[in-house]
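Number of protein chains: 2
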Amino acid sequence: MKLSTRTRYGLRAILELALNHGKGPLQLKIIASSQDISVKYLEQLMATLKSGGIVRSLRGSKGGYILAKAANQIKLSDVFSALEGPSAISVECLDDNSYCLRAADCVTRQVWVQVQEAVMGVLESLTLQDLVDRAKEKGNLDYQI
Amino acid sequence: MKLSTRTRYGLRAILELALNHGKGPLQLKIIASSQDISVKYLEQLMATLKSGGIVRSLRGSKGGYILAKAANQIKLSDVFSALEGPSAISVECLDDNSYCLRAADCVTRQVWVQVQEAVMGVLESLTLQDLVDRAKEKGNLDYQI
DNA sequence: TAATATACTACTAATACGGTAGGAATACAG
DNA sequence: CTGTATTCCTACCGTATTAGTAGTATATTA
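Chains as they are written, first to last, in this note's numbering: chain A, 1 to 145; chain B, 146 to 290.
Laid out in structure tokens, this is it:
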């Protein structure tokens, strides 16, 4: 069960947007260089986040990306779902009731339900603002230039 | 973040062993047919579980597999680790401290730590015996023949 | 010795992951 | 109105992993 770089990169990128909030759009090349991610790859991740309603974009000169909502309105589960898909652990029988007829009585399925709920519980309890606060606590203030 | 069939099949197979506990070794072909898994594929999964110390095997005629320990001594985290690897979500910086110099201050890493702990918390809190009990509660007794 | 099992090793097809490439569309600055 | 900066879109590619198949060797029992 591997967390993809998509999701890890994506969260880092969006956190950078959150840290930059209120200072106008942030360009991909800035994020890419500070996070050491390929611009072209990041471009795809941002497209995903955009269609997921997490970020908004501004094209053309002086364009870039901004958060679509306030940081405290964006749960990490939203970011995760946009990048990783709706199901945290991608077990077919969890999402598709017709996938397995024994689903209702299946004790192994019940385990995966518990695991999924545990993951989502963590991600739903955290917002981007929480991460911003944590970053500031750590004195990790280099983003302020 | 996808849970592999390895792990899902493996847990189902080993649960079947647990349900059969005390009735001598269970053969792969029995498990494979009742769980609808290829014998050959299951063979590999069982080899992994064997080297992980979860099951023991008996070769030759009348051979098969049995649990290496009592069902209440086998945590689901043990099974999971054997099949899926030591790290529940496989994020390099969680296991290898030298992977990223900023690990200590990284707030996104902290999120993955929380997620990992949530997953392991669930799996460590459950033993195979718990699943056996749940199965019996559900009246799912067809394994008793 | 025959039958029944697991053990071991190698191979394969399909899929996902991680990333690259090129050009089109848009917006701003002069 | 022209150039430049930026996102947008689509396609492609190499590699690793996953999910399985196949064949043979080895051990055990009867």
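We treat Cβ as the ideally placed atom computed from N, Cα and C, and that holds for glycine. A quick note: this is a predicted structure, and the numbers were derived from the prediction, not measured.
Residue i, enclosing beta strand (DSSP E) - first and last residue
i: V200 (chain B); result: V200 to L203
i: K273 (chain B); result: Note that residue 273 (chain B) is Leu in the sequence shown, not Lys. L273 (chain B) -> not in any beta strand (DSSP E); alpha helix (DSSP H) instead, spanning L273 to E282.
Helix, strand or coil at residue i according to DSSP, with G and I counted as helix
i: K220 (chain B); result: strand
i: I14 (chain A); result: helix
i: I37 (chain A); result: coil
i: Y154 (chain B); result: helix
i: L26 (chain A); result: strand
i: I211 (chain B); result: strand
i: A88 (chain A); result: coil
i: S226 (chain B); result: helix
i: I245 (chain B); result: Residue identity check: residue 245 (chain B) is Cys in the sequence provided, not Ile. Correct three-state label for C245 (chain B): coil.
i: L19 (chain A); result: helix
i: K147 (chain B); result: coil
i: S206 (chain B); result: coil
Cβ distance (whole Å) where residue i is taken to contact residue j below 8 Å
i: L109 (chain B); j: G155 (chain B); result: Chain B is shown from 146 up to 290; residue 109 (chain B) falls before or after that span and cannot be answered.
i: A70 (chain A); j: L42 (chain A); result: Not confirmed; about 23 Å, so no contact.
i: L268 (chain B); j: A163 (chain B); result: With 8 Å as the limit, L268 (chain B) and A163 (chain B) do not qualify as a contact, their Cβ atoms being about 16 Å apart.
Span separating the alpha-carbon of residue i from that of residue j
i: L67 (chain A); j: R279 (chain B); result: 45 Å
i: G63 (chain A); j: C245 (chain B); result: 31 Å
i: S87 (chain A); j: F80 (chain A); result: 9 Å
i: G22 (chain A); j: L148 (chain B); result: 39 Å
i: D223 (chain B); j: S270 (chain B); result: 11 Å
i: M1 (chain A); j: S235 (chain B); result: 7 Å
i: R109 (chain A); j: G121 (chain A); result: 18 Å
i: I31 (chain A); j: E16 (chain A); result: 7 Å
i: G230 (chain B); j: A103 (chain A); result: 26 Å
i: T150 (chain B); j: P25 (chain A); result: 43 Å
i: A47 (chain A); j: V184 (chain B); result: 43 Å
i: L239 (chain B); j: V264 (chain B); result: 14 Å
i: K136 (chain A); j: Q73 (chain A); result: 19 Å
i: A227 (chain B); j: L83 (chain A); result: 28 Å
i: V277 (chain B); j: V111 (chain A); result: 12 Å
i: K283 (chain B); j: C106 (chain A); result: 9 Å
i: R150 (chain A); j: K220 (chain B); result: With chain A covering only 1 through 145, there is no way to say anything about residue 150 (chain A).
i: V55 (chain A); j: L28 (chain A); result: 12 Å
i: D36 (chain A); j: D96 (chain A); result: 38 Å
i: S98 (chain A); j: V113 (chain A); result: 16 Å
i: G60 (chain A); j: Q261 (chain B); result: 40 Å
i: S179 (chain B); j: L194 (chain B); result: 19 Å
i: E237 (chain B); j: N20 (chain A); result: 27 Å
i: G149 (chain A); j: Y65 (chain A); result: The structure shown has nothing for residue 149 (chain A), since chain A only spans 1 to 145.
i: S51 (chain A); j: D130 (chain A); result: 23 Å
Enclosing alpha helix (DSSP H) for residue i [first to last residue]
i: G266 (chain B); result: V252 to E269
Any non-hydrogen atom of the ligand GTP within 8 Å of residue i CB
i: S87 (chain A); result: Summarising the ligand content, the structure contains no ligands, and the ligand GTP is consequently not present.
Short-range partners of chain B found in the segment 93 to 126 of chain A, where Cβ spacing is below 8 Å: D105, V107, T108, Q110, V111, W112, Q114, V115, A118, V119, G121, V122, L123 and L126
Interface positions of the segment 222 to 239 of chain B facing chain A (Cβ-Cβ less than 8 Å), listed along the chain: E229, A233, I234, S235 and V236
Interfacial residues, the segment 20 to 34 of chain A to chain B, with Cβ spacing under 7 Å: none
The segment 43 to 76 of chain A: positions lying closer than 7 Å to chain B by Cβ: L76
Short-range partners of chain B found in the segment 3 to 21 of chain A, where Cβ spacing is below 8 Å: L3, S4, T7, R8, L11, R12 and L15
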